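Protein sequence lines correspond, in order, to chains A and B. Per the numbering used here, the first sequence runs over residues 2 to 283. Per the numbering used here, the second sequence runs over residues 31 to 358.
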Amino acid sequence: MKASRRYVVFVNVAAVVVILVVLAPFAWLLYSSVVGQTDLLSRPLHWWPEHWTLSRYREIFFGQGQNVATEFRSAMLNSFLVASGTVVISLTVGVLGGYALARLRFPFRRTTLFAFLVTYMLPPIALLIPLYLLVARFGLLDTKTGLIIVYCSLATPFSLWTMSNFLGALPAELEEAARVDGLSRMGALFRVVLPLARPGIVACGLFAFLLCWDEFLYSLIFTSTTNAKTIPVAIAEFTGRNAVDFGLIAAGGVLASLPPLVLTVVFQRYFIDGLSAGAVKG
Amino acid sequence: MTRTVATTEPAPPTGGAGRRPAPRPRRFAALRGGPGRQARLALVLLLPAAVVVFGVVLYPAGRALVISFLDVDSPFPGAYPFVGLANYTSILSGDRFWIAAEHTLYFTVVSTGAELVLGIGLALLLAAPVKFRWLLRSVVILPWALPTIVNGAMWRWILNAEYGVLNSVLVQLHLQSDYRSWLGTDPFLALNMVIVADVWKNTSLVAFFLLAGLQTIPRELYESARVDGAGPVRSFFRITLPLLTPTIAIVLVLRTIEAFKVFDIVYVMTGGGPANGTQTITFLTYLQAFSAQRFSVGAALAYLTVLAILVLAMIYLRLLRQNEMRAV
Numbered sequence: 002m003k004a005s006r007r008y009v010v011f012v013n014v015a016a017v018v019v020i021l022v023v024l025a026p027f028a029w030l031l032y033s034s035v036v037g038q039t040d041l042l043s044r045p046l047h048w049w050p051e052h053w054t055l056s057r058y059r060e061i062f063f064g065q066g067q068n069v070a071t072e073f074r075s076a077m078l079n080s081f082l083v084a085s086g087t088v089v090i091s092l093t094v095g096v097l098g099g100y101a102l103a104r105l106r107f108p109f110r111r112t113t114l115f116a117f118l119v120t121y122m123l124p125p126i127a128l129l130i131p132l133y134l135l136v137a138r139f140g141l142l143d144t145k146t147g148l149i150i151v152y153c154s155l156a157t158p159f160s161l162w163t164m165s166n167f168l169g170a171l172p173a174e175l176e177e178a179a180r181v182d183g184l185s186r187m188g189a190l191f192r193v194v195l196p197l198a199r200p201g202i203v204a205c206g207l208f209a210f211l212l213c214w215d216e217f218l219y220s221l222i223f224t225s226t227t228n229a230k231t232i233p234v235a236i237a238e239f240t241g242r243n244a245v246d247f248g249l250i251a252a253g254g255v256l257a258s259l260p261p262l263v264l265t266v267v268f269q270r271y272f273i274d275g276l277s278a279g280a281v282k283g
Numbered sequence: 031m032t033r034t035v036a037t038t039e040p041a042p043p044t045g046g047a048g049r050r051p052a053p054r055p056r057r058f059a060a061l062r063g064g065p066g067r068q069a070r071l072a073l074v075l076l077l078p079a080a081v082v083v084f085g086v087v088l089y090p091a092g093r094a095l096v097i098s099f100l101d102v103d104s105p106f107p108g109a110y111p112f113v114g115l116a117n118y119t120s121i122l123s124g125d126r127f128w129i130a131a132e133h134t135l136y137f138t139v140v141s142t143g144a145e146l147v148l149g150i151g152l153a154l155l156l157a158a159p160v161k162f163r164w165l166l167r168s169v170v171i172l173p174w175a176l177p178t179i180v181n182g183a184m185w186r187w188i189l190n191a192e193y194g195v196l197n198s199v200l201v202q203l204h205l206q207s208d209y210r211s212w213l214g215t216d217p218f219l220a221l222n223m224v225i226v227a228d229v230w231k232n233t234s235l236v237a238f239f240l241l242a243g244l245q246t247i248p249r250e251l252y253e254s255a256r257v258d259g260a261g262p263v264r265s266f267f268r269i270t271l272p273l274l275t276p277t278i279a280i281v282l283v284l285r286t287i288e289a290f291k292v293f294d295i296v297y298v299m300t301g302g303g304p305a306n307g308t309q310t311i312t313f314l315t316y317l318q319a320f321s322a323q324r325f326s327v328g329a330a331l332a333y334l335t336v337l338a339i340l341v342l343a344m345i346y347l348r349l350l351r352q353n354e355m356r357a358v
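Structure representation (structure tokens):
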């Protein structure tokens, strides 16, 4: 009994330590975005700032003209549009294809799945060079359309794989009952299977969204102006310029992290289930 | 797969073959459709996905292989000389590739190893009777959701040589006499700091993967082990670890593939420096192709990466199949 109490104390202390280690960098990022420049540049740091300020956020949201802050804003918007477009397309084709892989018998089923998986594992750097030349030839450099096309090729194998796993795990009987009641196969898919598969679809869509929101290499090469530049590229460029405006980078970083962080916390259940599906069922 | 088929099979009729219910044959036919019809439907359903993926992937993948045998030195179309394996031999005989390979290998082994060890501990903690378990889980998932570039920029700022918070804390605690440059002077230190940032972010994902594996281990095993007088350490090594091995293997291969491709975090934290000390293979490929415009050398480097990853992917798929067998 005593050992068990020691164990409980130990895990609780460990949990507090983990929470601190995880939250400290986040806290520093947030802090850096809301205190004055002189507070950030003092040496050594004093732990209670002289100035609090929201000017950086104001600049990013409402600033006018061409500067880093407004660039962050348009990059956020680009990221959002590109990620949403990709999610819609890759989820649609992923659900249809995933259903075929999970429920239909046809020759080369395994080979087909394998072929999609191989493309998922191909390192982007291998496709980058010819893809760049190709995108340039079609006049799609520095456009959101070009980026969506490329991102769909990244997200689709993934959504195909997760959706086929998820749909395959649903009981087949319900679908069969619906078919006996006279629904066509497609009717059963849309009226019976998809409503049941909602958790899987949500998780898959969220993963795809995060994948696009996080993507850097393609966006770095294929975009150059506020036309299509996504938020990771905007932040990396500004960081790389060796600017001293750390506060603005921090504010941009906070804003860029908000969508994925909020989505993850709100849909935590789905994420954890999605991860388990990936880990256990493959 | 076998499982779904098994459930749709009609149960053997108990009352002899003669009393088979009449609607069954019709129902069976309606459900299955002809094999030809199913294959056609599958083709129609898979076609959009195939267009979206292979339309973008196939040509570039083949083209990159071709480029790696030519000498392409500009982004414009034109006739470029065929040089055979010259790009590959010049890469493999030069120092830069091997140095970058060494960095990549070091990064991969150390970051994956650390993430695995910490991830196992964290997974056990996530499953343990902690007071605010939901809070712990919500917090632990956060680094995974943080965009890689923001993570890199954040650590770059934390580790800043002149104003960084890490320097300030260490000096104020008298653990360090003066501010030091974490990313700017010592290449090996810089590489290790990049690893710290990567581990901080990715341990979270590893832990949740392993937690999923942990939850499939039947509780009774632990109880009977306790009855037999085994302590927590013993039951960890005798029950948890062996039963977790399939999940660990999958996580290990997946993380290895990811770590092997590392680019973003290096780009934003160190830009490959100092003294090229954090240059990885993907970073070198990027530099060759897009800074030096040596597209062919870049393509050859990329194909060397593909080869390495293909080997890892084979291992991954084999492990998956083994797991699937075990599940059925």
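Here a beta-carbon is modelled for each residue, glycine too, at the ideal position from N, C-alpha and C. Here the structure is a predicted model, which means the values were calculated and not measured.
What residues in its chain sit with their C-beta under 8 Å from that of residue i, if we drop five residues either side in the sequence?
i	result
L166(B)	L155, L156 and V160
W53(A)	V35, V36 and G37
L94(B)	Checking the sequence shown, residue 94(B) turns out to be Ala, not Leu. So the qualifying residues of the chain are A329, A332 and Y333.
R74(A)	I61, F62 and G64
Which residues in the same chain have their Cβ closer than 6 Å to the Cβ of residue i, if we skip the five residues on either side of it in sequence?
i	result
L219(B)	none
F62(A)	none
A156(A)	T87, S91, A209 and L212
N197(B)	Y209
G64(A)	A70 and T71
A144(B)	V229
Give me, in chain order, the residues of the same chain whose beta-carbon lies closer than 7 Å to that of residue i; leave out the 5 immediate sequence neighbours on both sides.
i	result
S104(B)	Q323
G243(B)	L274 and T277
I413(B)	Nothing can be reported for residue 413(B), as the shown portion of chain B is limited to 31 through 358.
I311(B)	A130, A131, T134, L331 and T335
D228(B)	S141 and I295
P304(B)	G214, T215, P217 and A220
L189(B)	L196, W212, L213 and M223
V283(B)	L342, I345, Y346 and L349
F247(A)	S33 and L41
Note the first and the last residue of the continuous alpha helix (DSSP H) segment covering residue i.
i	result
F208(A)	R199 to D215
V161(B)	Reading off the sequence shown, one finds Lys at residue 161(B), where the question assumed Val. Counting along the chain, K161(B) falls outside any alpha helix (DSSP H), and DSSP gives it neither H nor E.
Y316(B)	I311 to Y316
Y100(A)	V69 to R104
P45(A)	No alpha helix (DSSP H) contains P45(A), which DSSP labels as neither H nor E.
E250(B)	R249 to V257
G147(A)	K145 to A170
G253(A)	F247 to V267
E238(A)	I232 to G241
K231(B)	P217 to L244
P124(A)	It is not in any alpha helix (DSSP H) - P124(A) carries neither H nor E in the DSSP assignment.
P272(B)	L271 to F290
Q202(B)	V195 to Q202
L221(A)	L218 to F223
G183(A)	First-last for G183(A): undefined, no H or E at that position.
S207(B)	Unbroken run through S207(B): none, as it is neither H nor E.
R264(B)	P262 to S265
V194(A)	First-last for V194(A): undefined, no H or E at that position.
Looking at residue i: is its Cβ nearer than 9 Å to the Cβ of residue j?
i	j	result
A204(A)	L168(A)	no
V86(B)	L128(A)	yes
V296(B)	V224(B)	yes
I280(B)	L342(B)	no
S165(A)	L114(A)	yes
V169(B)	I20(A)	yes
D125(B)	P111(B)	no
R285(B)	V226(B)	no
I171(B)	I130(A)	no
A84(A)	G182(B)	no
D215(A)	P233(A)	yes
F239(B)	G149(B)	yes
T224(A)	N79(A)	yes
L97(A)	A79(B)	yes
L102(A)	A69(B)	no
T120(A)	V81(B)	no
What residues match up with residue i in a beta bridge as DSSP calls it?
i	result
L100(B)	F112(B)
W53(A)	V36(A)
Which runs of the alpha helix (DSSP H) at least 4 residues long sit entirely within the stretch 113–182 of chain B? Give them in chain order. Runs of the alpha helix (DSSP H) inside the stretch 113–182 of chain B: 116–123, 125–157, 163–170 and 172–175.
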